[in-house]
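Numbering (this note's numbering), first residue to last: 512 to 1089. Heads up, the beta-carbon is just placed ideally off N, CA and C, and yes, glycines get one too.
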Amino acid sequence: MTKTLEELRSRRWFAAGDMRAFAHRQRIQQMGLRRQDVLDRPIVAIVNTWSDLSPCHAHLRERAESVKRGVLIAGGMPFELPAMSLGEVMVKPTTMLYRNFLAMEVEELLRSLPIDGVVLLAGCDKTTPGTVMGAISAGLPTIFCSAGPMLNDRYLQHGEPARTVGAGTHTRMFWDEYQAGRVAEDEWVGLEAKMTRSPGTCNTMGTASTMTAIVEALGLALPGSTAIPAMDSAHARMAADCGERIVRMIWDDLTPARILTRGSFLNAAAVQMAMGGSTNAAVHLIAMARRAGVALALDDLDAVGACVPVLANLFPSGDRLMEDFHYAGGLPALLNRIRDHLSLDELTVTGRTLRENITGRESLDDEVIRPLDRPISTSGALAVLKGNLAPDGAVMKVSAASPRFLRHRGRALVFDSPAEMNTCCADPELDCDEDTILVLRNAGPVGAPGMPEWGGLPIPKTLLARGVRDMVRISDARMSGTHYGSCILHVSPESAVGGPLALVRTGDEIALDVDARTLELLVDDAELARRRAAWQAPARRHLRGYTRLYVDHVTQANDGCDFDFLQGTEPTPEPPIF
Ligand code: FES
């Protein structure tokens, strides 16, 4: 399949003989470009999520120049388009609120401008699904250029041997130690300069690395590209490769619709499990799949999780970081190791199949990419639990949970807001023990709104002082992929829309059984019916602007939290050129 120059989409803007096309060419020349620069070449958008307040993307302006070099070498014409910056830690209340905003922006940027193909520069958590969802809906040839992980860091504590420390995971560990009085004030201040050593995405197996690996497994990124450290010279070369490759993809009309299938999404789910990936991927995978017209559901992810072991030895499930993973062979080596679980004939951005991309790519370090007979965890990263407390499902990162809590029964301690939770958990007299189940509600897509990462509820201070470091925690929120613990997340439907989580009271018994995939509130049906009859939906506080649009149209976590009017593949007409 080869396009001709006349068939390029950008020709609609530039090639006609009318006054509009004259104006388009005129404005191009206003920028010092020549008319043939846009008439004789495919036009490539470089969608860049760089900003001064997106630390993980601090290098992406330079990388855009590398992409441009590749585009020009291949005979294309690059234009850089800034898109919404979603620096994960900076944006409040949560970047998840704006993932769909970014997706809409990318889709409309690509549709409204004279673009033939796109390179997506992203990587920090929601920027990956956000840009990819938009590009899927726009339907133009697309290649994903990952920001790459930050460099490893080392930390020397109390004269102990230096140890590897990574973003997110160790922040939480040190915080717990600080709360328990085992890290001194000056040491805590000094730790601010540790764990985030360079530009690049979190170097643990958090949401960023999970999502970029998933996009590579989907076939939308060059093989091995997503684990290259952000500050490695190979990263700039990879960016140039993306620029060169997208031009060929435009001529070949290699669109996401030709790459994304149910098979490629199940491959991506297998990678999430084998990487010990973030629970957030459950939401984003479903959202991306439904943009592509693939009916992926939580049960599909659970089925994959039940048979694909965790092989990547990465925090928080293991004890290494993404830089180590890259040196060990990166994703192609991991994919080759789990090839029996994959659909290998799926097409990728290389124009070749997944099978062709990974053949011969072996692990160079079996401590980092474990062999099948020595996994980090025999079952995958994720289990989906259902029951009267979560009729539409909830997720749990089994590989980062304490084995003793995989089958558990305990009394609920319920919080209606994070403020209440934080106040109670700081109370040294709080009535609880390590078997207590902490419950947070009103933290879902509509209730918060935006489903923040509040699901790693803090261990009460009184228990930290007694040495407790894990408890069962249940919420309709999400949890950072860098965190760990026995947390049950994404309870659907959420409490704010009347899900059963709204009916739980402090002192109720809750039972979970990961092997049986159950999550039950042990309160009889008659009592639950009484509570439901008395329940009132929380007042909506967001009555205007984007947040109003969000709460009116966001779907539940088990449906991907996309907007109801953006799911599916219904084509949007090309804009008229008048
Ligand atoms: Fe950007 Fe973690 S904060 S990837």
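Checking the 7 Å criterion, the Cβ of residue 599 is within range of a heavy atom belonging to the ligand FES. The Cβ-Cβ distance between residue 791 and residue 718 falls below 8 Å. No heavy atom of the ligand FES is found nearer than 7 Å to the CB of residue 656. Between residue 904 and residue 771 the beta-carbon gap is near 23 Å, outside 8 Å, which marks them as no contact. For the pair residue 594 and residue 559, the Cα-to-Cα distance works out to about 6 Å. Placement of the Cβ of residue 712 at a distance of less than 7 Å from at least one heavy atom of the ligand FES is found.
The C-beta separation of residue 635 from residue 597 comes to about 6 Å, placing the pair in contact by the 8 Å criterion. With a cutoff of 8 Å on beta-carbon distance, residue 964 and residue 605 are scored as near each other. Residue pairing of residue 821 in beta bridges, as defined by DSSP: 888. Taken atom to atom, the span from the alpha-carbon of residue 523 to that of residue 517 is near 9 Å. Taking a contact to require three or more Cβ pairs closer than 8 Å, the stretch 719–728 and the stretch 1001–1020 do not qualify as touching. Taken in chain order, the whole beta strand (DSSP E) runs of length 3 or more contained in the stretch 667–737 are 674–676. Rounded to whole angstroms, the separation of the alpha carbons of residue 980 and residue 1029 is 24 Å. Looking at 827, 804, 789, the one whose alpha-carbon comes closest to that of residue 812 is 789. Contact check for residue 741 against residue 659 passes: the beta carbons are separated by less than 8 Å. CA-CA distance, residue 960 to residue 757, rounds to 37 Å. In the pairwise beta carbon analysis, the stretch 828–837 is classified as touching the stretch 869–885: at least three pairs are separated by under 8 Å. Annotation for residue 562: 596 place their beta carbon closer than 6 Å to its own, counting only its chain and skipping 5 residues before and after. When only Cα atoms are considered, residue 901 and residue 1070 end up about 14 Å apart. Approximately 4 Å separates the beta-carbon atoms of residue 988 and residue 954; this is inside 8 Å, confirming the contact. Sequence-distant partners of residue 739 (beyond 5 residues in either direction) whose C-beta falls short of 7 Å from its own C-beta, in its chain, are 659, 745, 746, 749, 837. Within 7 Å of the C-beta of residue 750 there is not a single heavy atom belonging to the ligand FES. For residue 665, the secondary structure class from DSSP, reduced to helix, strand or coil, is strand. A check of alpha carbon separations from residue 766 across 840, 547, 647, 780 identifies 647 as the nearest.
Each residue's CA atom was taken as its position, placing residue 617 and residue 842 some 27 Å apart. Distance between residue 948 and residue 778, taken at the CA atoms: about 34 Å. The ligand FES has a heavy atom closer than 7 Å to the beta-carbon of residue 679. A heavy atom of the ligand FES is found nearer than 7 Å to the CB of residue 636.
In this structure residue 926 does not touch residue 896 by the C-beta definition: roughly 20 Å separates them, more than the 8 Å allowed. Distance between residue 671 and residue 665, taken at the CA atoms: about 12 Å. Each residue's CA atom was taken as its position, placing residue 530 and residue 631 some 32 Å apart. Of the candidates 583, 602, 705, the residue whose Cα lies closest to the Cα of residue 663 is 705. Taking the Cβ of residue 569 as the reference point, every heavy atom of the ligand FES lies at 7 Å or farther away. A residue is called buried once 16 or more other Cβ atoms fall within 10 Å of its Cβ, and residue 700, having fewer, is exposed. Going by DSSP, residue 964 is part of no beta strand (DSSP E) at all; its letter is neither H nor E. Boundaries around residue 746 are those of the alpha helix (DSSP H), 744–762, since no beta strand (DSSP E) includes it.
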